[in-house]
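First residue of the sequence shown: 5, per this note's numbering; consecutive thereafter. Each residue gets a CB set at the ideal place from its N, CA and C atoms; glycine is no exception. A quick write-up on the structure given underneath.
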Amino acid sequence: MITKEIELRDWEEEYININPLQTGGRTYPDTRKAIVSYIDGYSICDWCKGALGITDRPPVREFLDDVSKFLGMDYTMLTNGCREAKFAVLHALTKPEDAIVVDSNRHYSTYVAAERAGVKVYDVPSNGYPEYRINPDNYAVVIGNVKKETGSLPKLVLLTHVDGNYGNLVDAEKVARICHEYGIPFLLNAAYSSGRMHINGKKIGADFIAASGHKSWAAGGGNIGLLSVAGQWKDKIITYSRKYEIKPLEIIGCSSRGSATIALMASFPYVKERVNHWNKEVENSRGLMKELECLGINQIGVKPTEHDLNFVESEVLFRISEIHKKKHFYLYYELKDRGIVGIKPGLTRNFKFSTYGKTEEQIKHLAWAFKDIVEKHGN
Ligand SMILES: *Cc1c(COP(=O)(O)O)cnc(C)c1O
């Protein structure tokens, strides 16, 4: 029977999970209860008013208004994820063959969304190994190149606020200023920032913010994202079907119509509170990086780190894989024996992980575990 093959998952209960995809999407006990009570198909639609975003029972409409205030934006739509939010903007603002500009640390889904929209992508390069820093001024250079090459300005500029490889944080305000000088709309991809740190779209000058509920807003039970829009773009992005006038076009009427929306709502009070402790998260992450550097496990990306996600490089850990009986899977097993999961099985030389939401005690334990592995197996 197929259900027997689905292992019960106990990573959140039994281990310290440092998988960067998962640390910010970990649900709270209240969230889990809410998810379970809305687990059946379409149960969020009991009191449907014609579209999910205007539902008052549960209070989706009020929630979305609160999110707009929280993000310093004017209108917010639910999407199935950050990628769907990006695609909605691309679809609304571009035609095939148009040009857009993105940073080279972008997530693959930015590129795939652009491909689906049929637009040409121009990359703002980073400074490469080992920092992979994106210099905001280079946006002006690439925008100029697009104008020279194609005869017109790009239709949209996108910045990955914090990228998912190195956890580099880019000064979004500077990129926004450049975009506004040229009159190009600016989409901030906040998949790894909003829900973790304070984001104020007005202050930044973002026209659109794309966020990921299951990545950074403690939501689960499915996929969920947010698209927040500045007022002047409302009529371009929040358009409606001509035939079904209540249905927003870019999210095909309703988007995440299930327990993931409930999860996002249930976690929101916790998220609003937790962004106040972002400094502590960065402090924890920096503390661990310092300990790991002493062992020869070195952070790649901008230093000192400004995020809980970090990419490291380690010859020390790689050399152990050449003598350990579990080969390159040893790190996974050695960490698991010490109560830690979340580094991709098989990786030893380069890998990433996240300390988001960990206590000081857990950070100490992480530092101890790596030290213990290096001392026991290294030479
Ligand atoms: C994870 C991630 C995404 C994708 O988020 P989804 O909500 O799963 O679509 C997009 N951009 C960045 C930078 C990410 O890290």
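Cβ neighbours of residue i in the same chain (closer than 7 Å, five flanking residues each side left out)
{"i": "residue 331", "result": "325"}
{"i": "residue 355", "result": "316, 347 and 348"}
{"i": "residue 77", "result": "205, 213, 232, 233 and 234"}
{"i": "residue 273", "result": "none"}
{"i": "residue 240", "result": "96 and 97"}
{"i": "residue 115", "result": "125"}
{"i": "residue 49", "result": "261"}
{"i": "residue 145", "result": "none"}
{"i": "residue 12", "result": "none"}
{"i": "residue 175", "result": "140"}
{"i": "residue 156", "result": "none"}
{"i": "residue 198", "result": "75, 213, 215 and 220"}
{"i": "residue 186", "result": "147 and 157"}
Distance between beta carbons of residue j and residue i, contact taken as under 8 Å
{"i": "residue 58", "j": "residue 263", "result": "Not quite, the Cβ-Cβ distance comes to about 19 Å (not below 8 Å), so this is no contact."}
{"i": "residue 97", "j": "residue 160", "result": "6 Å"}
{"i": "residue 202", "j": "residue 279", "result": "5 Å"}
{"i": "residue 168", "j": "residue 24", "result": "7 Å"}
{"i": "residue 29", "j": "residue 225", "result": "The pair is not a contact, with the Cβ atoms about 10 Å apart (cut-off 8 Å)."}
{"i": "residue 377", "j": "residue 338", "result": "5 Å"}
{"i": "residue 31", "j": "residue 271", "result": "7 Å"}
{"i": "residue 188", "j": "residue 147", "result": "7 Å"}
{"i": "residue 305", "j": "residue 193", "result": "Actually they do not touch by this definition, with Cβ atoms about 17 Å apart."}
{"i": "residue 79", "j": "residue 238", "result": "6 Å"}
{"i": "residue 44", "j": "residue 53", "result": "At roughly 20 Å, the Cβ-Cβ gap does not stay under 8 Å, so residue 44 and residue 53 are not in contact."}
{"i": "residue 267", "j": "residue 228", "result": "7 Å"}
{"i": "residue 170", "j": "residue 109", "result": "7 Å"}
{"i": "residue 190", "j": "residue 222", "result": "Not confirmed; about 27 Å, so no contact."}
Same chain only: Cβ atoms within 6 Å of residue i, ignoring 5 sequence neighbours per side
{"i": "residue 342", "result": "373"}
{"i": "residue 142", "result": "128"}
{"i": "residue 179", "result": "140, 143 and 163"}
{"i": "residue 289", "result": "309, 312 and 359"}
{"i": "residue 102", "result": "123 and 159"}
{"i": "residue 27", "result": "358, 360 and 361"}
{"i": "residue 66", "result": "none"}
{"i": "residue 111", "result": "168"}
{"i": "residue 131", "result": "137"}
{"i": "residue 350", "result": "332 and 333"}
{"i": "residue 154", "result": "103"}
{"i": "residue 150", "result": "103, 126 and 158"}
8 Å Cβ shell around residue i - same chain, five flanking residues per side excluded
{"i": "residue 370", "result": "20, 22, 292, 344, 359 and 362"}
{"i": "residue 352", "result": "318, 321, 322, 324, 325, 332, 334 and 335"}
{"i": "residue 55", "result": "250, 251, 252, 257 and 258"}
{"i": "residue 463", "result": "Nothing about residue 463 can be read from this structure; the chain reaches only from 5 to 383."}
{"i": "residue 104", "result": "94, 98, 118, 123, 124, 125, 126, 158, 159, 160, 161 and 162"}
{"i": "residue 100", "result": "121, 122 and 123"}
{"i": "residue 282", "result": "200, 201 and 202"}
{"i": "residue 269", "result": "38, 62, 63, 64 and 67"}
{"i": "residue 46", "result": "261 and 262"}
{"i": "residue 181", "result": "209"}
{"i": "residue 375", "result": "295 and 299"}
Residue i beta carbon near ligand 3 (any heavy atom closer than 8 Å)
{"i": "residue 166", "result": "For ligand 3, the structure offers nothing, since it holds only ligand 1."}
Residue-level contact to chain C via CB, residue i, 9 Å cutoff
{"i": "residue 332", "result": "Within the model displayed, chain C is absent; a lone protein chain is all it includes."}
Task: Length at least 4, wholly inside the segment 258-331: the alpha helix (DSSP H) runs in chain order - done: 263-278, 282-299 and 319-325
Open item on the list: What ranges does the alpha helix (DSSP H) occupy inside the segment 104-140, keeping only unbroken runs of at least 4 residues that lie completely in it?
Closed with: Here the runs fully enclosed are 112-121.
Open item on the list: Across the segment 85-94 and the segment 208-215, are there enough close Cβ pairs to call them in contact, namely three or more that are closer than 8 Å?
Closed with: By the Cβ rule, the segment 85-94 counts as touching the segment 208-215, because three or more pairs are nearer than 8 Å.
Task: At least 3 beta-carbon pairs within less than 8 Å: the segment 225-239 vs the segment 71-91 - done: yes
Open item on the list: Within 8 Å, do at least three Cβ pairs link the segment 28-37 to the segment 243-259?
Closed with: no
Task: At least three beta-carbon pairs within less than 8 Å, the segment 163-180 to the segment 134-148 - done: yes
- [ ] Report the residue ranges of all beta strand (DSSP E) runs contained in full by the segment 200-244; include only those spanning at least 3 residues, in chain order.
- [x] 212-216 and 229-233
- [ ] Could I get the ranges of all uninterrupted beta strand (DSSP E) runs contained in the segment 58-92, with 3 residues as the minimum, in chain order?
- [x] Taking only runs of at least 3 residues, the beta strand (DSSP E) segments lying wholly in the segment 58-92 are 79-83.
Open item on the list: Which complete alpha helix (DSSP H) runs does the segment 327-383 hold, if anything under 4 residues is left out?
Closed with: For the segment 327-383, whole alpha helix (DSSP H) runs of length 4 or above, ordered along the chain, are 334-341 and 364-381.
TODO: Could you name each continuous beta strand (DSSP E) segment of 3 residues or more that falls completely within the segment 168-193, going from the start of the chain to the end?
DONE: 190-193
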